[in-house]
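Numbering (UniProt numbering), first residue to last: 1 to 150.
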């Protein structure tokens with residue numbers, strides 16, 4: 001029995017977005033990073049401030065803060081839940097205390113659902129990559145077993 005090992009463009013040979021810091025963030029981690037940063041930089045942020053942090057428009061935003069801000073922007077329901085922890089009116093403004101409460105689990109199922117969605121998204125992407133690789137390998141093996149045409 002022989003073992004077939006992937007070569008060429010396998011996931012092990014490609015840069016993986018799964019390994020990036022942002023792809024591994026959770027609601028609690030993002031909230032903690034932003035709570036600490038916002039507490040030391042004004043105390044509160046508008047959604048537009050998150051956009052500036054995510055894009056590092058100032059040029060001096062720490063990478064983990066940019067990643068956490070990007071996470072919040074890519075999960076608008078989570079950000080809305082965080083910013084309304086202390087005020088039921090969504091206005092786009094969130095204080096460091098809201099992020100701290102979220103980091104401590106105040107979001108309940110909203111945070112869990114966002115984390116599960118991220119896990120499923122990563123699993124689906126991995127499954128698609130595996131399917132692509134196995135299909136390519138199977139096609140190559142099938143081609144070698146074709147009978148020559150007369």
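Every residue, glycine too, gets a C-beta built ideally from N, C-alpha and C.
Given a cut-off of 7 Å, decide if residue j and residue i are closer than it, judged by their beta-carbon atoms.
i: residue 50; j: residue 81; result: no
i: residue 127; j: residue 68; result: no
i: residue 65; j: residue 37; result: yes
i: residue 94; j: residue 27; result: no
i: residue 104; j: residue 83; result: no
i: residue 96; j: residue 35; result: yes
i: residue 71; j: residue 133; result: no
Count the other CB atoms within 10 Å of the CB of residue i; is the residue buried (16 or more) or exposed (fewer)?
i: residue 40; result: exposed
i: residue 91; result: exposed
i: residue 153; result: Nothing about residue 153 can be read from this structure; the chain reaches only from 1 to 150.
i: residue 12; result: With a pLDDT of 40 at residue 12, under the threshold of 50, the modelled position of this residue cannot be trusted; read the value that follows with caution. Looking at its Cβ environment, which holds fewer than 16 other Cβ atoms inside 10 Å, residue 12 is exposed.
i: residue 1; result: Per-residue confidence for residue 1 stands at a pLDDT of 42, beneath the threshold of 50, marking its modelled position as unreliable; the derived number appears in the next sentence. Exposed, by the Cβ-count rule.
i: residue 124; result: exposed
i: residue 33; result: buried
i: residue 18; result: Low per-residue confidence applies at residue 18: pLDDT is 32, beneath 50, and the placement is therefore not dependable enough to give any value.
At which residues does the alpha helix (DSSP H) containing residue i begin and terminate?
i: residue 73; result: 63-74
i: residue 32; result: 27-40
i: residue 58; result: Residue 58 -> no alpha helix (DSSP H), and no H or E assigned at all.
Assuming residue i contacts residue j under a Cβ cut-off of 8 Å, what Cβ separation, rounded to an integer in Å, is found between them?
i: residue 60; j: residue 85; result: Going by Cβ atoms, the distance from residue 60 to residue 85 rounds to 28 Å, so no, they are not a contact pair.
My parser needs the beta strand (DSSP E) runs of 3 or more residues fully inside the stretch 74-110; what are they?
The stretch 74-110 contains these whole beta strand (DSSP E) runs: 93-95.
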